[in-house]
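Top line first, the protein sequences correspond to chains A and B.
Every position in the first sequence, counted from 1, becomes a number in the working numbering once 39 is added.
Every position in the second sequence, counted from 1, becomes a number in the working numbering once 148 is added.
A virtual CB, placed ideally from N, CA and C, is assigned to each residue, including glycine.
Note that the structure is predicted; figures quoted are calculated from it, not measured.
See structure below.
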Amino acid sequence: AQTVTQSQPEMSVQEAETVTLSCTYDTSENNYYLFWYKQPPSRQMILVIRQEAYKQQNATENRFSVNFQKAAKSFSLKISDSQLGDTAMYFCAFMKHLNNNDMRFGAGTRLTVKP
Amino acid sequence: NAGVTQTPKFQVLKTGQSMTLQCAQDMNHEYMSWYRQDPGMGLRLIHYSVGAGITDQGEVPNGYNVSRSTTEDFPLRLLSAAPSQTSVYFCASTPGPPGRAQREKLFFGSGTQLSVL
Chain A
40 AQTVTQSQPE
50 MSVQEAETVT
60 LSCTYDTSEN
70 NYYLFWYKQP
80 PSRQMILVIR
90 QEAYKQQNAT
100 ENRFSVNFQK
110 AAKSFSLKIS
120 DSQLGDTAMY
130 FCAFMKHLNN
140 NDMRFGAGTR
150 LTVKP
Chain B
149 NAGVTQTPKF
159 QVLKTGQSMT
169 LQCAQDMNHE
179 YMSWYRQDPG
189 MGLRLIHYSV
199 GAGITDQGEV
209 PNGYNVSRST
219 TEDFPLRLLS
229 AAPSQTSVYF
239 CASTPGPPGR
249 AQREKLFFGS
259 GTQLSVL
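Here is the structure:
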């Protein structure tokens, strides 16, 4: 079974600074997908960024980027120029390639951006 | 854009009661799924469906039933509620298998907070 571990239950960052959220996972698969989802107080889950394991290049979406280390099974999220609206729970998620719908989530990291 | 609509938003049940959590999407998505979110455990997949008439179990299916008679609706039934089923429930949909393309991200509903006393 695949497991996803987020070792930081809570983090905080000053507005405009950079913060990195950690995620590790355990799998014997070679092809898979990794995701970061954001859950603001509204409870809506929002996809932040997606990485395909067979791509060595780290994914980037505006202020959000990942550091994907396949050998180390690590998938950290870097948020640059943090904004107050980035305050949310962040979930790391894993899904096997060619899997119908079994997405495994970590326990989440609560990020607070301070003004 | 309605997206994924879940009802009710809050519900309190007594142990042994039954109820159905409703989920509807208006995006013509083939894939739909139910997750539960518990503190310190992230989201766990309960059941999913890859199209009308097709359902399958996820990671934690016990105590829950689903059916998919139409593309739009995917209700989750609790047959005999237990305190262990106190959780926040999320319904999600996607056009195809999640992850295969950037467009096939999960679209989540706003959740149902369920308390079983």
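By the Cβ neighbour-count rule, A/A55 is exposed, with fewer than 16 other Cβ atoms within 10 Å of its own. Taking all protein chains in view, the Cβ of A/D65 is surrounded by fewer than 16 other Cβ atoms within 10 Å, so the residue is classified as exposed. At a C-beta separation below 7 Å, A/S46 has no neighbours in chain B, since its nearest C-beta there lies roughly 12 Å away. C-alpha of A/F133 to C-alpha of A/K77: approximately 15 Å in a straight line. Taking the beta carbon of B/M189 as reference, the chain A residues within 8 Å of it are A146, listed in sequence order. A straight line joining the alpha-carbon of A/K153 with that of A/S81 spans about 19 Å.
Counting only unbroken stretches of 4 or more residues, no alpha helix (DSSP H) element lies wholly within the stretch 45-91 of chain A.
For B/R184, the enclosing beta strand (DSSP E) begins and ends at 179-186. Proximity to A/A127 across A/K135, A/E68, A/V52 peaks at A/V52, based on C-alpha coordinates. Under the 10 Å beta carbon count, B/G188 is surrounded by fewer than 16 other beta carbons and is classified as exposed.
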